[in-house]
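Using the numbering used here, the letters of the sequence shown map in sequence onto residues 14 to 122.
One structure is given here, and the rest of the page talks about it.
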Amino acid sequence: MAHEKYGSLIQTLHEYMEACNHCYDACLKETDIDMMRDCIRLDRECADMCGFLEQALVRDTPFAAPLAKACAEICETCGNECKKHDHEHCQKCAQACFDCAEACKKLAA
Numbered sequence: 014m015a016h017e018k019y020g021s022l023i024q025t026l027h028e029y030m031e032a033c034n035h036c037y038d039a040c041l042k043e044t045d046i047d048m049m050r051d052c053i054r055l056d057r058e059c060a061d062m063c064g065f066l067e068q069a070l071v072r073d074t075p076f077a078a079p080l081a082k083a084c085a086e087i088c089e090t091c092g093n094e095c096k097k098h099d100h101e102h103c104q105k106c107a108q109a110c111f112d113c114a115e116a117c118k119k120l121a122a
């Protein structure tokens with residue numbers, strides 16, 4: 014079963030998706046939303062990819078490694094953008110993104 018094969022990664026991806034969605038929502042409430050444009054866009058990309066990989070792993074996709082590689086790249090990019098901002102939600106999201114990237118790299122290897 015996929016849950017046994019991928020262990021806690023499925024749950025972890027869900028948590029990372031939630032972190033990006035929280036950051037996305039919080040960024041939309043910032044006063045200088047124009048400055049947050051890239052962060053908002055990448056939060057959505059990252060959340061969508063984490064959610065997609067989560068669902069694909071549940072289905073025991075034969076594309077786990079290449080999807081995980083793509084997810085790692087997106088998460089790193091999002092994390093790098095989020096860490097540019099001093100907001101607490103961005104800093105938390107950046108760390109979640111970097112953690113997710115590392116987990117995905119292990120799966121992709």
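The C-beta atom is built at its ideal place from N, Cα and C for all residues, glycine as well.
Can you give me the C-alpha to C-alpha distance between ALA12 and THR90, rounded to a whole angstrom? Lying outside 14 to 122, the shown extent of the chain, residue 12 is not represented and no answer is given.
- Task: Report buried or exposed for MET62, applying the criterion of at least 16 other Cβ atoms within 10 angstroms of its Cβ.
- Result: In the sequence shown, residue 62 corresponds to position 49, counting from 1. With 16 or more other Cβ atoms within 10 Å, it is buried.
Margin query: What would DSSP say about ALA122, mapped onto helix, strand or coil?
Written below: The sequence position of residue 122 within the sequence shown is 109, counting from 1. In the structure shown, ALA122 adopts coil according to DSSP, grouped into three states.
Tell me where the alpha helix (DSSP H) around LYS82 begins and ends.
On the sequence shown, residue 82 is found 69 positions in, with the first residue counted as 1. Taken as a continuous stretch (DSSP letters only), the alpha helix (DSSP H) holding LYS82 covers 77 to 95.
### Task
Report the option in GLU115, GLY64, LYS105 whose CA atom is closest to the CA atom of CYS35.
For the purposes of this step, residue 35 is taken as the residue at position 22 of the sequence shown. The sequence shown places His at residue 35, rather than the Cys named in the question. The shortest Cα separation from HIS35 among GLU115, GLY64, LYS105 belongs to LYS105.
>> Please state the DSSP three-state secondary structure of MET62.
In response: Taking the sequence shown and counting its residues from 1, one reaches residue 62 at position 49. Collapsing the DSSP output to three states places MET62 in a helix.
Taking a contact to mean a Cβ-Cβ separation below 8 Å, would you say GLU31 touches LEU55 in this structure? If you number the sequence shown from 1, residue 31 lands on position 18. If you number the sequence shown from 1, residue 55 lands on position 42. Going by C-beta atoms, GLU31 is not nearer than 8 Å to LEU55.
By Cβ distance below 6 Å, which residues in the same chain neighbour LEU66 in space, the five residues on each side in sequence not counted? On the sequence shown, residue 66 is found 53 positions in, with the first residue counted as 1. Excluding positions up to five away in sequence, the list reads LEU26, LEU80, CYS84.
- Per DSSP, what kind of secondary structure is ARG57 in: helix, strand or coil? As a position in the sequence shown, residue 57 is number 44, starting the count at 1. Helix.
Span of the alpha helix (DSSP H), counted from its first residue to its last, around ILE23:
If you number the sequence shown from 1, residue 23 lands on position 10. It spans 22 to 41 - the alpha helix (DSSP H) in which ILE23 sits, taken as one unbroken run.
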